[in-house]
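Data first, discussion second: the structure below is written as structure tokens.
2 protein chains.
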Amino acid sequence: MVTKSYKAGAPEQYDPSQFPAFAVTVDVVILTMSDGVLHMLLVRRGETPFKGMWAIPGGFKRPNETLHEAARRELAEETGVDVPTLLTQFGAYGDPDRDPRMNVVTIGYLAVLREVGAIVAGTDAAEALLVPVADVLRGRLDLAFDHEQIVRDAIERVRTELEVTGIATAFVGQTFTLAELRAVYEGTWGVQLDAANFRRSVVAEDGWVIPTGRLAPPGPSGGRPAELYRAGKAWKHGGPIHRLKSTERKSRQ
Amino acid sequence: MVTKSYKAGAPEQYDPSQFPAFAVTVDVVILTMSDGVLHMLLVRRGETPFKGMWAIPGGFKRPNETLHEAARRELAEETGVDVPTLLTQFGAYGDPDRDPRMNVVTIGYLAVLREVGAIVAGTDAAEALLVPVADVLRGRLDLAFDHEQIVRDAIERVRTELEVTGIATAFVGQTFTLAELRAVYEGTWGVQLDAANFRRSVVAEDGWVIPTGRLAPPGPSGGRPAELYRAGKAWKHGGPIHRLKSTERKSRQ
DNA sequence: TTGGTTCTTGTCGTTTTGACTTGAACTAGG
DNA sequence: CCTAGTTCAAGTCAAAACGACAAGAACCAA
């Protein structure tokens, strides 16, 4: 028992100096889609504890900012990307021994980016790493603190978020082809989706994606030019709109 | 800007004394089903700030316990119920001005109970109140701090949780009739479900509910005795198992 | 021109869904 | 004891959704 100076009973009666102090941090799991594979950003710790190990980018919350603002600031500091949207809180972590030096409670945020190259360019290349999330989920990388568990929760969250909200369009550009959007689902869920059925279910939902009328240039191996779409306003930072559970073809993994 | 004594740049380099201290609390939204209506527990604040106002039960996290343990302790202190399960974390709140006196970050937990009478009996009756959540959602009660927003998030969470997990069985007893289980969905979603279709979709899912072979005594107004079921082990504290989106009949509300 | 690739459109059988009906088992009231 | 009312179980049925597949369109490279 490491109980210090705080009154155990009598809740609602407190005094700033009488209750345990915690450091509050914000950790951001930054996801992006690269070549059909879901990747995440890791940074190398320069200080003890866990010096030299890979970790999720994050930092201390300041007293005069909200949690969301702190997450946005950390994202901007680490990647140079300052997007006001697509920053989803997914969990809080406060085990007593998660930081060996002090009591730290961290709030986990999930960020989705589409630019890949610019991300690592923001910081020192030797200190930042873009790895497939599958490598982390399989325990191939030792992460600092309880960051592996945090990553697991983040991935589980983005998978259900993908099914229920319109977060998928955050992975792709301003305009996109349905093949690109489909790759987001396939890479995140680890499934193969039927292109025809995917198209049908996506287009059927009203306001989900809207055609621009333009065509994308075909890939290097030829193929028919795909129609370009842009994200409908329906999904913008919000509740359950889209629901894609069909169009499955093969089992996950 | 109220920035105090902490280094703005150079993350990963810190010292316990150099960074802003926060109080960390845990607030528990305690839900129960009473007469087909979703209710929640409120307690009256005895101290400033917001003295005399209704609030969600909660309290400070201790340095030597996890967040989950803190939530469980608060739940036990407030209701006398000590259930190891069905305590779901749903959000963290840390706006700078959410507590006028100090920096407080609170973690929101969601608890589901089935016993109704025993809840308020735990504390002083004048200081505890079981109200329909609809009253809170409609803004009829002024809650302390940002607790109204916390409640909104909790309700939204339990609604989707109901759809995706087996949390519904936490509202009912050890054994239950399908009518009781259906009332949970109806009360939480504010819809009317077709009894026949509800039965079909619930029984179809394997391991979701399992029949006991016994019958429940019919109600005071007669009627055929209903079969008694118990919760399948499939849902126990876990991932997406059940999915009830059909069996709808009329629009919500 | 031919073959290969990718996207779009269409078809088809199965499953699921939503609404409804029928029958079974009980209570209450005459 | 009989009947009306109530609640639950089980069946029916048409419409919609789903999953799989086939065919056609539009591009590239050789």
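In order, the protein sequence lines correspond to chains F and Z. Each residue of the first sequence is one higher than the one before, counting from 1 in the working numbering. Each residue of the second sequence is one higher than the one before, counting from 1001 in the working numbering. Heads up, the beta-carbon is just placed ideally off N, CA and C, and yes, glycines get one too.
Check	Outcome
Closer than 8 Å to chain Z by CB, F:Pro-218	no
Within chain F, partners of Z:Phe-1254 - CB distance below 8 Å	Any answer about residue 1254 of chain Z is impossible in this case: the structure gives chain Z only from 1001 up to 1253.
Partner residues on chain Z for F:Leu-86, Cβ-Cβ distance less than 7 Å	Within 7 Å Cβ-Cβ: nothing; F:Leu-86 doesn't reach chain Z, min ~17 Å.
Boundaries (first-last residue) of the beta strand (DSSP E) holding Z:Asp-1135	That residue, Z:Asp-1135, is in no beta strand (DSSP E); its alpha helix (DSSP H) goes 1133 to 1137.
The alpha helix (DSSP H) enclosing F:Glu-127, as first and last residue numbers	Premise fails: F:Glu-127 is in no alpha helix (DSSP H) and is neither H nor E.
Backbone CA spacing between F:Val-43 and F:Ile-56 [nearest angstrom]	6 Å
Sheet register partners of Z:Glu-1069 (DSSP bridge)	According to DSSP, which records beta bridges pairwise, Z:Glu-1069 is partnered with nothing at all.
Amino acids of chain Z, ordered along the chain, whose beta-carbon sits closer than 9 Å to that of F:Thr-165	Chain Z residues near F:Thr-165: none, gap ~11 Å exceeds 9 Å.
Which listed residue (F:Ala-154, F:Trp-54, F:Val-24) has its alpha carbon closest to that of F:Ala-128	F:Trp-54
Z:Glu-1156 versus Z:Arg-1199, Z:Ala-1023, Z:Leu-1031, Z:Ala-1021, residue with shortest Cα-Cα distance	Z:Leu-1031
Proximal residues, the segment 77 to 110 of chain F versus chain Z, C-beta separation under 8 Å	Glu-77, Gln-89, Gly-91, Ala-92, Tyr-93, Gly-94, Asp-95, Pro-96, Arg-101, Met-102, Asn-103, Val-105, Ile-107
Interface positions of the segment 1034 to 1068 of chain Z facing chain F (Cβ-Cβ less than 7 Å), listed along the chain	Arg-1045, Gly-1046, Glu-1047, Gly-1059, Phe-1060, Lys-1061, Arg-1062, Pro-1063, Asn-1064, Glu-1065, Thr-1066, Leu-1067
Cβ pair Z:Arg-1214, Z:Gln-1174 closer than 8 Å	no
Rounded separation between Z:Ile-1107 and Z:Thr-1025 - CA only	6 Å
Z:Leu-1038 beta carbon less than 8 Å from that of Z:Gly-1187	yes
Proximity below 8 Å, CB of F:Asp-153 to CB of F:Phe-198	no
Local Cβ density within 10 Å of Z:Pro-1020, reported as buried at 16 or more and exposed below that	buried
Cut-off 6 Å between Cβ atoms - residues of its own chain near Z:Glu-1180, not counting five sequence neighbours on either side	Val-1172
Assigned exposure category for F:Lys-273 - 16 Cβ within 10 Å defines buried	This structure gives no information on residue 273 of chain F, because the portion of chain F shown stretches from 1 to 253.
Interface flag, Z:Glu-1012 vs chain F, CB-CB below 8 Å	Only weak support exists for where Z:Glu-1012 lies, its pLDDT of 40 falling under 50; the coordinates are left without a value.
Strand pairing of F:Met-33, partner residues [DSSP]	F:Leu-38
Inside the segment 172 to 240 of chain F only - beta strand (DSSP E) runs reaching at least 3 residues	209 to 215, 227 to 231
Inter-residue spacing [alpha-carbon to alpha-carbon] between F:Phe-50 and Z:Phe-1050	43 Å
Three-state secondary structure assigned by DSSP to Z:Glu-1153	Reading off the sequence shown, one finds Asp at residue 1153 of chain Z, where the question assumed Glu. Note: Z:Asp-1153 maps to helix in three-state DSSP.
Under the three-state DSSP convention, the category Z:Leu-1162 falls into	helix
Between the CA atoms of F:Arg-200 and F:Tyr-185 - distance to the nearest angstrom	15 Å
Rounded C-alpha distance that separates F:Leu-137 from Z:Pro-1217	50 Å
Within 8 Å, strictly: CB atoms of Z:Leu-1141 and Z:Val-1133	no
6 Å CB neighbourhood of F:Leu-86 in its chain, flanking five on each side removed	Val-112, Ala-170
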